[in-house]
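Asker: For the sequence shown, full-length UniProt numbering gives the first residue as 1, with consecutive numbering after it.
Every residue, glycine too, gets a C-beta built ideally from N, C-alpha and C.
All values reported here derive from a predicted model rather than from experimental measurement.
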Amino acid sequence: MNSVQVSGSNLTYVYVILGISLLALAIAYALRAQVLAQGEGTVKMQEIATAIQEGAAAYLARQFKTLSVFVAIVFVLLFALPGDMEIRIGRSIFFLVGAGFSALVGYNGMWLAVRANVRVAEAARKKSAQKAVQIAFRTGGVVGMTTVGLGLLGASLVVIIYKEDAPAVLEGFGFGAAMLAMFMRVGGGIFTKAADVGADLVGKVEKGIPEDDPRNAATIADNVGDNVGDCAGMAADLFESYAVTLVAALILGKAGFGDAGLIYPLIVPAIGIITAILGIFLTKLRSTDKTAMDAINRSFFTSAIISAVLVGFATFTYLPNSLRNMPGLSMEAQSVDIDPRFFSLGAVLIGIALAAAIQVLTGFFTEVGKRPVNDVAASSKTGAATVILAGVSVGFESAVYSALLIATAVFGAFLLGGGSIVLSLFAVSLAGTGLLTTVGVIVAMDTFGPISDNAQGIAEMSGDVKGEGAKILTSLDAVGNTTKAITKGIAIATAVLAATALFGAFTDAIKNSVLEKGLVVKDQVLEFQGILDVADPRNLVGLIIGAAVVFMFSGLAINAVSRAAGAVVVEVRAQFKKYPGIMTGKVKPEYGRVVDICTRDSLRELATPGLLAVMAPIAVGFGLGVGALGAYLAGAIGTGTLMAVFLSNSGGAWDNAKKMIEDGKFGGKGSEAHKATVVGDTVGDPFKDTAGPAINPLIKVMNLVGLLITPAIVGFTLDNNEQINMAIALFATAVIIYALVQNRKRATAIG
1 MNSVQVSGSN
11 LTYVYVILGI
21 SLLALAIAYA
31 LRAQVLAQGE
41 GTVKMQEIAT
51 AIQEGAAAYL
61 ARQFKTLSVF
71 VAIVFVLLFA
81 LPGDMEIRIG
91 RSIFFLVGAG
101 FSALVGYNGM
111 WLAVRANVRV
121 AEAARKKSAQ
131 KAVQIAFRTG
141 GVVGMTTVGL
151 GLLGASLVVI
161 IYKEDAPAVL
171 EGFGFGAAML
181 AMFMRVGGGI
191 FTKAADVGAD
201 LVGKVEKGIP
211 EDDPRNAATI
221 ADNVGDNVGD
231 CAGMAADLFE
241 SYAVTLVAAL
251 ILGKAGFGDA
261 GLIYPLIVPA
271 IGIITAILGI
281 FLTKLRSTDK
291 TAMDAINRSF
301 FTSAIISAVL
311 VGFATFTYLP
321 NSLRNMPGLS
331 MEAQSVDIDP
341 RFFSLGAVLI
351 GIALAAAIQV
361 LTGFFTEVGK
371 RPVNDVAASS
381 KTGAATVILA
391 GVSVGFESAV
401 YSALLIATAV
411 FGAFLLGGGS
421 IVLSLFAVSL
431 AGTGLLTTVG
441 VIVAMDTFGP
451 ISDNAQGIAE
461 MSGDVKGEGA
471 KILTSLDAVG
481 NTTKAITKGI
491 AIATAVLAAT
501 ALFGAFTDAI
511 KNSVLEKGLV
521 VKDQVLEFQG
531 ILDVADPRNL
541 VGLIIGAAVV
551 FMFSGLAINA
561 VSRAAGAVVV
571 EVRAQFKKYP
581 GIMTGKVKPE
591 YGRVVDICTR
601 DSLRELATPG
611 LLAVMAPIAV
621 GFGLGVGALG
631 AYLAGAIGTG
641 TLMAVFLSNS
651 GGAWDNAKKM
661 IEDGKFGGKG
671 SEAHKATVVG
681 DTVGDPFKDT
691 AGPAINPLIK
701 VMNLVGLLIT
711 PAIVGFTLDN
721 NEQINMAIAL
731 FATAVIIYAL
741 VQNRKRATAI
751 G
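Set out below in C-alpha cells:
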C-alpha cells in the first residue's frame with residue numbers, strides 16, 4: 001500500500017460527489033419523461049420513426065455482441081499484467097465497468113434520440129420553433145446528464161473502494177471506456193456515412209430527388225446512421241473523454257497534491273453537473289434570436305461563467321493556502337513555493353476558457369453565414385473540384401488555429417507548476433477537468449444535431465410537415481451541423497489535454513517501475529527513461545511511427561466508408577432498375593436491405609483499426625523501449641490533433657455550404673452548384689463523422705495502453721529478458737501486418 005492515506009473527512013467529500021452523480025442520473029430520468037410526454041405526430045410520421053428505431057436497435061445489438069469478444073480478451077490480458085493481486089482484480093473489473101458505462105451512455109443516447117426525432121418534427125408541424133428546440137436540446141440533456149453522472153459515479157466508487165490505490169484501478173476504468181468508445185465511433189461512423197454517401201450519390205446526383213425522399217432505398221439507413229454514429233458513437237466518445245480525463249487528473253493529483261489530489265479533481269466536474277443542469281433548463285428560444293444557435297450559445301456561455309464562479313468558491317474553501325499544509329505531498333512538490341488555490345483555480349479556468357474559445361473558433365469555420373462556409377459555397381459556381389479544394393483549405397487553416405489554441409492552453413497550464421514537472425502536468429489535467437465542467441451542455445449540443453437531422457428526414461419522407469414547419473426544421477438542421485462540429489472540436493481539445501496528462505502519468509510510471517527494481521539514483525532513472533534524448537534514433541523512429549499510425553487509422557476508416565458506400569450505391573441503383581415503380585411512388589423500396597449492408601460492412605471493418613490502436617504501442621514499446629514508446633505517443637498526440645481538426649472542420653464546412661445552396665444560394669436545389677456541393681459533402685461525410693472523431697479515442701487508447709504496459713517493459717528489460725520483449729513486439733507486429741493484409745484483400749462493391 002502507498003503512504004498517502006485518504007482521510008475520513010476527504011471521503012465525506014467523495015460521498016457528496018457520489019450523491020451529485022446520482023442527482024445527475026435522476027435529472028436525466030426526469031428529462032426523459034418530459035421528452036416522451038410530447039406528441040408523436042401523424043401515423044405516417046410514427047411509421048417512419050418506428051423503422052428508424054428498429055434499425056438502430058438491431059445495429060447496436062449486433063455491435064455489442066461483436067465487441068463483447070474484444071472486451072473479454074482485454075479483460076484477461078489486463079489481469080495478466082504484473083502488479084498487486086488486489087489492484088489487478090480491481091483494474092480488470094472496472095475495465096468492464098468503464099466499457100459497460102460507455103455502452104450504456106451510447107445506447108441510452110440512441111434509444112431516446114430515435115424517439116425524440118418524431119416529436120421534434122411534430123412540434124415543427126405545429127409551427128412551434130421554441131418547442132422543437134426545447135425537445136431536441138432536452139433530449140441531449142438526458143444524454144449529457146447520463147454521461148457526467150456515470151463518469152463521476154465510476155470515479156467516485158473507485159476512490160471510495162480503493163482509496164489511495166484508486167489511480168491504478170482507474171487505469172482500467174478509463175481504458176474500458178476509451179476502447180469501447182473507439183469501436184462505437186468507428187463502427188457507427190462507417191454505418192452512418194456509408195448510408196449517407198450512398199443516398200446522396202444515387203438520390204441527389206443521379207436521380208435528382210431530395211435527400212430524404214422516401215423513394216430512395218438508403219433513406220432509412222441514413223437516418224438510422226445518424227443515431228448509431230452521432231448519438232451512440234459521440235455520446236460514448238464524450239463519456240470516455242470524461243472518464244479518461246478524470247483518470248489522468250487523479251493519477252497526477254495523487255503525485256502532485258497527495259491526499260487532496262484524489263478529491264479536488266472530483267469536486268470540479270461535480271460542480272459541472274450543477275451548472276449543466278442550469279444550462280439545459282436555461283436553453284430557450286427567444287423571439288429576438290436569429291437561430292437556435294443563439295439560444296444554445298447563451299446557455300453554454302452562461303453555464304461556463306457559473307462554473308468558473310462556483311469552482312473559485314470551492315477551491316478557496318477546500319484547498320489550503322500553502323503546499324506545505326497538504327498531507328502526503330511528494331518531495332518534488334514540497335520544494336515549490338506556490339499557493340495551491342491560485343494554482344488549481346488558474347488551471348481550471350484555462351480549461352473553461354479553452355472550451356469557450358474552441359466554441360467560437362469552430363463556429364467561425366463551420367457556421368452558415370460566416371466567411372469560410374460562404375467561400376466554400378461560392379466556389380460551387382466553378383464545379384466540384386473547387387468545392388473540394390476550398391473545403392480542404394478551410395480544414396487545414398482551422399487545424400492550425402485550433403492546434404495553437406490547444407497548445408497555448410497546455411503550455412499556460414504547464415507554466416503554473418513553478419518548475420515542478422509533476423505539478424505542471426497536474427495543472428494540465430486540471431485544465432481538462434475545467435473543460436469537463438461544460439461537458440453536460442456539450443453533449444446536449446451534440447445530440448441536438450442528429451435529432452434535428454432525423455426530424456427533417458421524417459418530415460420530408462412523410463410529407464406531413466410543410467411551409468413554416470419545414471423552414472423550422474431546415475434551420476435546426478443547419479444549426480445541428482454547427483453544434484456537431486463544435487462538440488467535435490471540444491472533444492479533440494479534451495483528448496489532447498487528457499493525452500498530455502496521461503503522457504505525464506506514463507513517464508511517472510517508468511520512474512516508479514525503475515525504482516521498484518532497486519535503481520534509486522536519479523541519473524539512472526532519467527537515463528533509463530531516455531525520453532528527453534532527441535538524438536537517440538529509436539526515439540525518432542517511435543515519433544514517426546506514432547504520427548504514421550494516425551494516418552493509417554484515418555485511411556482505414558475512410559476506406560471502409562468508401563467500400564460500404566459503394567455497396568449501398570450498387571444496391572440502390574439495382575432497386576431503381578429492378579422496380580421502375582419506385583420513382584412513380586407505386587412500389588416501396590426495400591429499406592431493410594440497405595440497413596443490412598451498412599450493418600454488415602461496418603461491423604466487418606471494426607477489427608483492423610482496433611487491432612492497430614492496441615498493438616502498435618505494444619510493438620513499439622517492447623521492440624524499441626520505453627523512450628521510443630514515449631516518442632510514439634508524442635507523435636500520435638501532435639499529428640492526431642491536427643488531423644482530427646482538419647477532418648472535422650473541412651467536413652463541417654462542406655456540409656453547411658451544401659445547406660446554403662439548398663436554401664436558395666447560387667441556383668438552389670438541382671443546380672450545377674448544388675451537385676458540386678453534394679460531391680463535397682460526400683467527401684466530407686467520412687472526414688467529419690467517421691475518421692476525425694475516432695481519432696479522439698484512438699489517442700487515449702494508445703496512451704492508456706502505453707501506461708499499462710510500461711511496468712512490464714521495464715521489468716523485462718531490467719531482468720535482462722530482452723528476448724521476451726522482442727517476442728512480444730514481433731507478435732504484435734505480425735498481428736498488425738496480418739490485419740492490414742486481410743483488410744486490403746477485401747473487395748470493393750464493384751469488384
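Might you give, ordered along the chain, the residues of its own chain that have their beta carbon closer than 6 Å to the beta carbon of leucine 67, omitting 5 neighbours on each side?
Answerer: Within the sequence shown, the letter at position 67 stands for residue 67. Hits under 6 Å: Phe183.
Asker: Tell me whether isoleucine 73 is buried or exposed, calling it buried when 16 or more other Cβ atoms sit within 10 Å of its Cβ.
Answerer: Taking the sequence shown and counting its residues from 1, one reaches residue 73 at position 73. Label assigned to isoleucine 73: exposed.
Asker: Helix or strand or just coil, what does DSSP make of serine 424?
Answerer: Stepping through the sequence shown from its first residue, residue 424 is reached at position 424. The answer is helix: DSSP assigns serine 424 an H, G or I state.
Asker: What residue range does the alpha helix (DSSP H) around glutamine 359 cover?
Answerer: As a first step, residue 359 is located in the sequence shown; it is residue number 359 there, counting from the start. Run containing glutamine 359: 340-366, per the alpha helix (DSSP H) assignment.
Asker: CA-CA distance, glutamine 359 and glycine 83?
Answerer: Within the sequence shown, numbered from 1, the residue matching residue 359 stands at position 359. Within the sequence shown, numbered from 1, the residue matching residue 83 stands at position 83. Their Cα atoms are separated by approximately 42 Å.
Asker: In or out: aspartate 212 buried (at least 16 other Cβ within 10 Å) or exposed?
Answerer: For the purposes of this step, residue 212 is taken as the residue at position 212 of the sequence shown. Around the Cβ of aspartate 212, a 10 Å sphere holds 16 or more other Cβ atoms; the residue is buried.
Asker: Would you check if there are 3 or more beta carbon pairs closer than 8 Å linking the region 672-686 to the region 185-203?
Answerer: yes
Asker: Tell whether a beta-carbon distance below 8 Å holds between leucine 647 and glycine 692.
Answerer: Locating residue 647 in the sequence shown gives position 647, counting from the first residue. Locating residue 692 in the sequence shown gives position 692, counting from the first residue. Their beta carbons are under 8 Å apart, which means leucine 647 touches glycine 692 by this criterion.
Asker: Hey, how far is the Cα of glutamate 590 from the Cα of arginine 125?
Answerer: Working through the sequence shown from its first residue, we reach residue 590 at position 590. Working through the sequence shown from its first residue, we reach residue 125 at position 125. Taking the straight line joining both Cα atoms gives about 27 Å.
Asker: Can you round the beta-carbon distance between glycine 154 and phenylalanine 101 to whole angstroms, since I take them to be within the 8 Å contact cut?
Answerer: Residue 154 sits at position 154 when you count from the first residue of the sequence shown. Residue 101 sits at position 101 when you count from the first residue of the sequence shown. Their Cβ separation, rounded to whole angstroms, is 6 Å, which keeps glycine 154 and phenylalanine 101 in contact under 8 Å.
Asker: So, for valine 197: in the same chain, excluding its five sequence neighbours on each side, which residues have a beta-carbon less than 6 Å away from its beta-carbon?
Answerer: The sequence position of residue 197 within the sequence shown is 197, counting from 1. Closer than 6 Å at Cβ, skipping near neighbours: Ala565, Thr682, Asp685.
Asker: Applying the criterion that 16 or more other CB atoms from any shown protein chain within 10 Å of the CB defines a buried residue, is residue 769 buried or exposed?
Answerer: In the structure displayed, the chain extends from 1 to 751; residue 769 sits before or after that span and is not available.
Asker: Suppose the cutoff is 7 Å on Cβ atoms and the five residues either side in sequence are ignored; what does the same chain contact list for asparagine 223 look like?
Answerer: Translated into the one-based positions of the sequence shown, residue 223 becomes position 223. The answer, listed in chain order, is Ile52, Asn454, Gly457.
Asker: When you compare only the Cα positions, how much space is there between lysine 370 and threonine 483?
Answerer: Locating residue 370 in the sequence shown gives position 370, where the first residue counts as 1. Locating residue 483 in the sequence shown gives position 483, where the first residue counts as 1. Going from the Cα of lysine 370 to the Cα of threonine 483 covers about 14 Å.
Asker: Could you check which residue in Ala732, Gly638, Asn721 has the C-alpha nearest to that of proline 617?
Answerer: Translated into positions along the sequence shown, residue 617 becomes position 617. Of the listed residues, the one whose Cα sits closest to proline 617 is Ala732.
Asker: When you compare each of Pro269, Pro697, Gly140, Thr438 to valine 14 by their alpha carbons, which one comes out closest?
Answerer: The residue you call residue 14 lines up with position 14 of the sequence shown. Minimum Cα distance to valine 14 is reached at Pro269.
Asker: Output needed for valine 620: all residues of its chain with C-beta closer than 7 Å, excluding positions within five of it in sequence on either side, in chain order.
Answerer: Taking the sequence shown and counting its residues from 1, one reaches residue 620 at position 620. Cβ neighbours of valine 620 beyond the five flanking positions: Gly542, Ile545, Ala628, Leu629, Tyr632.
Asker: Quick check on residue 752: does DSSP put it in helix, strand or coil?
Answerer: For the chain, the structure presents residues 1 to 751; residue 752 sits outside this window and is missing.
Asker: Is the beta carbon of alanine 199 less than 8 Å from the beta carbon of glycine 391?
Answerer: For the purposes of this step, residue 199 is taken as the residue at position 199 of the sequence shown. For the purposes of this step, residue 391 is taken as the residue at position 391 of the sequence shown. No, these two residues do not count as a Cβ contact at 8 Å.
Asker: Pull up the distance between the alpha-carbon of lysine 578 and that of glycine 203, whole angstroms please.
Answerer: Start at 1 with the first residue of the sequence shown, and residue 578 comes out as number 578. Start at 1 with the first residue of the sequence shown, and residue 203 comes out as number 203. Distance between the alpha carbons of lysine 578 and glycine 203: 16 Å.
Asker: Which runs of the beta strand (DSSP E) at least 3 residues long sit entirely within the region 30-68? Give them in chain order.
Answerer: none
Asker: With 16 other CB atoms within 10 Å as the buried threshold, where does leucine 31 fall?
Answerer: Position 31 of the sequence shown, counted from the start, is the residue given in the question as residue 31. With 16 or more Cβ atoms within 10 Å of its Cβ, leucine 31 is classed as buried.
Asker: Apart from the five residues on each side of it in sequence, which residues of its chain come closer than 7 Å, Cβ to Cβ, to glutamate 605?
Answerer: As a first step, residue 605 is located in the sequence shown; it is residue number 605 there, counting from the start. Within the same chain, glutamate 605 has close Cβ partners Ile190, Ala560.
Asker: By alpha-carbon positions, which one of Asn721, His674, Tyr738 ends up nearest to leucine 201?
Answerer: Reading the sequence shown from its first residue, position 201 is the one you call residue 201. When each option's Cα is compared against that of leucine 201, the closest is His674.
Asker: Please go through the same chain and pick out, in chain order, the residues whose beta-carbon is closer than 7 Å to the beta-carbon of residue 753, but skip the five residues on each side of it.
Answerer: Missing from the structure shown is residue 753; the chain here goes from 1 to 751 and no further.
Asker: Between valine 387 and serine 380, how many whole angstroms is the CB-CB distance? I'm expecting something under 8 Å.
Answerer: In the sequence shown, counting from the first residue as 1, residue 387 sits at position 387. In the sequence shown, counting from the first residue as 1, residue 380 sits at position 380. Yes, they are in contact, since the Cβ atoms of valine 387 and serine 380 sit about 5 Å apart, within 8 Å.
Asker: Among residues of its own chain, excluding the 5 on either side of methionine 1, which ones have a beta-carbon nearer than 8 Å to its beta-carbon?
Answerer: For this step, residue 1 is matched to residue 1 along the sequence shown. Residue placement at methionine 1 cannot be trusted, given a pLDDT of 33 that sits under 50; what the coordinates show is reported in the next sentence. Closer than 8 Å at Cβ, skipping near neighbours: Glu164, Asp165.
Asker: Suppose contacts are defined by Cβ-Cβ distances below 8 Å. Is leucine 238 in contact with alanine 613 by that definition?
Answerer: In the sequence shown, counting from the first residue as 1, residue 238 sits at position 238. In the sequence shown, counting from the first residue as 1, residue 613 sits at position 613. Against a cut-off of 8 Å, the Cβ pair of alanine 613 and leucine 238 comes out as no contact.
Asker: Starting from tyrosine 738, trace the alpha helix (DSSP H) in both directions and tell me its first and last residue.
Answerer: Counted from its first residue, the sequence shown places residue 738 at position 738. 722-745 is the span of the alpha helix (DSSP H), which, as asked, contains tyrosine 738.
Asker: According to DSSP, is leucine 389 helix, strand or coil?
Answerer: Walking along the sequence shown from the start, residue 389 turns up at place 389. Looking at leucine 389 - three-state DSSP - the assignment turns out to be helix.
Asker: Would you report the Cα separation of isoleucine 582 and alanine 431, rounded to the nearest angstrom?
Answerer: One-based indexing of the sequence shown puts residue 582 at position 582. One-based indexing of the sequence shown puts residue 431 at position 431. Computed Cα separation, rounded: 55 Å.
Asker: Under 8 Å, with one C-beta from each stretch per pair, do the region 38-52 and the region 168-175 reach the 3-pair mark?
Answerer: no
Asker: Let's see if you can read the secondary structure: which residues bound the alpha helix (DSSP H) around glutamate 240?
Answerer: The count along the sequence shown starts at 1 and reaches residue 240 at position 240. Note, glutamate 240: alpha helix (DSSP H), 234-257.
Asker: Report back the beta-carbon spacing between glycine 434 and alanine 347 to the nearest angstrom; my notes put them in contact at under 8 Å.
Answerer: By 1-based counting over the sequence shown, the position of residue 434 is 434. By 1-based counting over the sequence shown, the position of residue 347 is 347. About 7 Å; that satisfies the 8 Å criterion.
Asker: Going by CA-CA distance only, name the one from Thr146, Asn10, Phe79, Val76 that's closest to leucine 23.
Answerer: Working through the sequence shown from its first residue, we reach residue 23 at position 23. Proximity to leucine 23 across Thr146, Asn10, Phe79, Val76 peaks at Thr146, based on C-alpha coordinates.
Asker: Nearest-angstrom Cα distance between glycine 39 and arginine 119?
Answerer: For the purposes of this step, residue 39 is identified with residue 39 of the sequence shown, where counting begins at 1. For the purposes of this step, residue 119 is identified with residue 119 of the sequence shown, where counting begins at 1. For the pair glycine 39 and arginine 119, the Cα-to-Cα distance works out to about 6 Å.
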